[in-house]
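Numbering of the sequence shown is given in the working numbering, commencing with residue 1 and proceeding in unit increments. Beta carbons are placed, not taken as given, at the ideal position from N, Cα and C, and that holds for glycine.
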Amino acid sequence: MGRLIQSTTFEEDYQALVHLGLTGTPLLEEEDQAAAFANVLGSCVRIQGGGHYGSGNIYALTEDEIIIVTNRHVLDYFDGEGFVTFFNGRIADGRILGLGEEADVGFISVPAGLFPFEELLSLKSVRMRGGGCETLNASGSFFIVDAASSPDSPVLCEGRILDERRYLADYGREMLYGGCRAVPGMSGSGIFDLYGNYIGILSGGTLQGEIAGVPADEIGRIYREVLENP
């Protein structure tokens, strides 16, 4: 008789996913905005501190930490009184892990030990597209997930890429530039293509329906710098 398959614990399952790098949100083979939106919700969070709030996404999951990416300006009031609300309603404290020196990007660390392993398995980290913004989806469409304005019901905001890289004087650097509705509180929201790839982070918008975001490859560079210089 063959050997029985050994059962595993939730802890072992989570550790295996982390070790194998399989914590990312699912990706689609074809563009589908509704399906991509549903797939990325497990990465979306609301960030609040000092009466101010914004959005963010789980950037990485490790055995010990949940790493969240948001805007640097969202974290102005975070330390000492800030907290994170996850997509399932769980609220947890965290600490600022690091900030971009020039780009509007910051990272929060939340202890994974605050969560039962069964719940950690429901969290997802964003999936990064290979290559730069120049390889964005052919349709030129994207969506932003507003997880802050209505915490119990995240809102999908449709947009279109106007320029993968455009120098914007207000930011003093090249940004991902698009057309999309944006309201206060959406700072730090993830920008996704229609496959579910994380392509940037919303930094600001205008009343004319223009948005500016930090491209994902720049976010990755800043994250590596944060890890190298804790």
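Option nearest residue i by Cα separation, candidates the options
i, options, result
"SER55", "GLY98, GLY209, GLY204 and ASP217", "GLY204"
"GLU218", "LEU123, GLY106, ASP79 and ALA92", "GLY106"
"ALA182", "GLY196, TYR167 and VAL155", "VAL155"
"ILE161", "LEU194, ALA38 and LEU123", "LEU194"
"THR206", "SER141, PRO184, THR62 and HIS19", "PRO184"
"ILE108", "SER125, PRO116 and PHE78", "PHE78"
"VAL226", "ARG72, GLY140, GLN208 and GLU81", "ARG72"
"GLY190", "ASN57, LEU20 and ASP104", "ASN57"
"MET186", "LEU99, SER141 and VAL45", "VAL45"
Simplified DSSP state of residue i, which is helix, strand or coil
i, result
"TYR177", "strand"
"PHE83", "strand"
"GLN48", "strand"
"THR70", "strand"
"PHE10", "helix"
"SER141", "strand"
"SER122", "coil"
"TYR171", "coil"
"THR135", "In this prediction, THR135 scores a pLDDT of 48, lower than 50, which makes its location untrustworthy; the coordinate-derived value is nonetheless stated afterwards. DSSP places THR135 in helix when its eight states are reduced to three."
"ASP217", "helix"
"ARG224", "helix"
"ALA60", "strand"
"MET1", "Low local confidence applies: a pLDDT of 46 at MET1 is under 50, so the model's placement there is unreliable, and no value is given."
"TYR77", "helix"
Residue i vs residue j beta-carbon contact at 8 Å
i, j, result
"TYR59", "VAL69", "yes"
"PHE192", "ILE201", "no"
"GLY172", "ILE211", "no"
"MET128", "ALA36", "no"
"LEU17", "THR23", "yes"
"GLY49", "PHE87", "no"
"ASP170", "CYS157", "no"
"ILE47", "ALA112", "no"
"LEU123", "LEU61", "yes"
Distance, residue j Cα to residue i Cα
i, j, result
"LEU176", "SER7", "46 Å"
"VAL74", "GLY188", "7 Å"
"GLU101", "VAL214", "13 Å"
"ASP93", "PHE115", "12 Å"
"ILE144", "THR85", "18 Å"
"GLU29", "ALA148", "29 Å"
"ASN229", "ILE96", "13 Å"
"GLU63", "TYR14", "8 Å"
"LEU120", "GLU164", "34 Å"
"PHE117", "GLU12", "9 Å"
"VAL110", "ARG90", "12 Å"
Interface flag, residue i vs chain D, CB-CB below 8 Å
i, result
"GLY54", "Looking for chain D here will not work: only one protein chain is present."
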